[in-house]
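**Student:** Protein chains in written order, with our numbering: chain A, 1 to 108; chain B, 109 to 226. Don't be surprised by glycine CBs; every beta carbon is placed ideally from N, CA and C. Owing to the predicted nature of the structure, the values given are computational and were not obtained by experimental measurement. Got a structure for you, written out below as structure tokens; questions coming shortly.
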Amino acid sequence: EIVLTQSPGTLSLSPGETATLSCRASQSVTSSYVAWYQQKSGQAPRLLIFGASTRATGIPDRFRGSGSGTDFTLTISRLEPEDFAVYYCQEYYSLPITFGQGTRLEIK
Amino acid sequence: EVQLLQSGAEMKKPGDSLRISCKVSGYSFTAYWITWVRQMPGQGLEWMGRIDPSDSYTNYGPSFQGHVTFSVDKSINTAFLQWGSLKASDTAVYYCARLVRDGRADYWGQGALVTVSS
């Protein structure tokens, strides 16, 4: 089982700033199978990024995914109030599929 | 429009059985796998497993194997998650989601809260 460790656990930033979220895998991950999800309080997760760097339909270009091997990053530029949420990375190639424990992005 | 509509909140006692549903619309039900994800109170997302509606082939996560059962009814475009004997630790929100061929979950249900308490 691939373990995904996200950091930081909580990130406090102000609107307009840039958020950098990290996801580190316990072993090398096929880049094509890394996704990022956003979950707002009381809502279902929403797919943001798949294939490590491809934005899902309707996701603004402020969201950028990057990385390879064991280190992956989600960068959110020009933070908007609606971006403050919890973000999860996921590896979806090998079974069992795994999620990171999440990074909470909160308003400073 | 793709939609996954889950059944409502449930309150059960330990030892009870339960089946919750996920009715899909807006696409061919048998063309995409369905996955189930658990979120315990205040916690992160856990992959429970997946089912191929075309033939009911399943994969279960190691923490869920033997405790839950996935099934589908193709005649009503619905996937099910079932427990034979609930525990208090099953208290959580359960999400169904559609899996694209490569395995990413692109559409999600709204979630179903299951509360197990004596």
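Taking only beta-carbon positions, decide if B/Arg158 is within less than 9 Å of chain A.
**Tutor:** yes
**Student:** May I ask which residues mark the beginning and end of the beta strand (DSSP E) holding B/Val157?
**Tutor:** Checking the displayed sequence, the identity of residue 157 of chain B turns out to be Gly instead of Val. Taken as a continuous stretch (DSSP letters only), the beta strand (DSSP E) holding B/Gly157 covers Glu154 to Asp160.
**Student:** To the nearest angstrom, how far is the alpha carbon of B/Ala139 from that of B/Arg206?
**Tutor:** 10 Å
**Student:** Going by DSSP in three states, B/Val195 sits in which element: helix, strand or coil?
**Tutor:** The question names Val, yet the displayed sequence has Lys at residue 195 of chain B. In this structure, B/Lys195 counts as coil in the three-state DSSP scheme.
**Student:** Using DSSP with H/G/I as helix, E/B as strand and the rest coil, what is A/Tyr87?
**Tutor:** strand
**Student:** I want to verify the contact list: residues of chain A whose CB lies under 9 Å from the CB of B/Asp163, in sequence order.
**Tutor:** Those do not exist, as B/Asp163 stays about 17 Å from chain A at its closest Cβ, beyond 9 Å.
**Student:** Cutting at 6 Å between CB atoms, please list the residues of its own chain near A/Ser77, excluding the five before and the five after it.
**Tutor:** Thr18 and Arg62
**Student:** Can you tell me whether DSSP reads B/Ser179 as helix, strand or coil?
**Tutor:** strand
**Student:** Hey, would you say A/Phe99 sits closer than 9 Å to B/Asp214, going by beta carbons?
**Tutor:** no
**Student:** Grouping DSSP H, G and I as helix and E and B as strand, with all else coil, what is A/Thr54?
**Tutor:** strand
**Student:** Among the residues of its own chain, which have a CB less than 6 Å from the CB of A/Ser31, if the five just before and after it don't count?
**Tutor:** Ala52 and Ser68
**Student:** Can you give me the C-alpha to C-alpha distance between A/Thr70 and A/Tyr37, rounded to a whole angstrom?
**Tutor:** Going by C-alpha positions, A/Thr70 is about 18 Å away from A/Tyr37.
**Student:** Where do the ends of the beta strand (DSSP E) carrying B/Tyr167 lie?
**Tutor:** The displayed chain sequence assigns Asn, not Tyr, to residue 167 of chain B. Where B/Asn167 is concerned, the enclosing beta strand (DSSP E) stretches over Tyr165 to Tyr168.
**Student:** Residues in the same chain with beta-carbon distance under 6 Å from B/Ser129, minus the five sequence neighbours each way, listed in chain order, please.
**Tutor:** Ser115, Thr186 and Phe188
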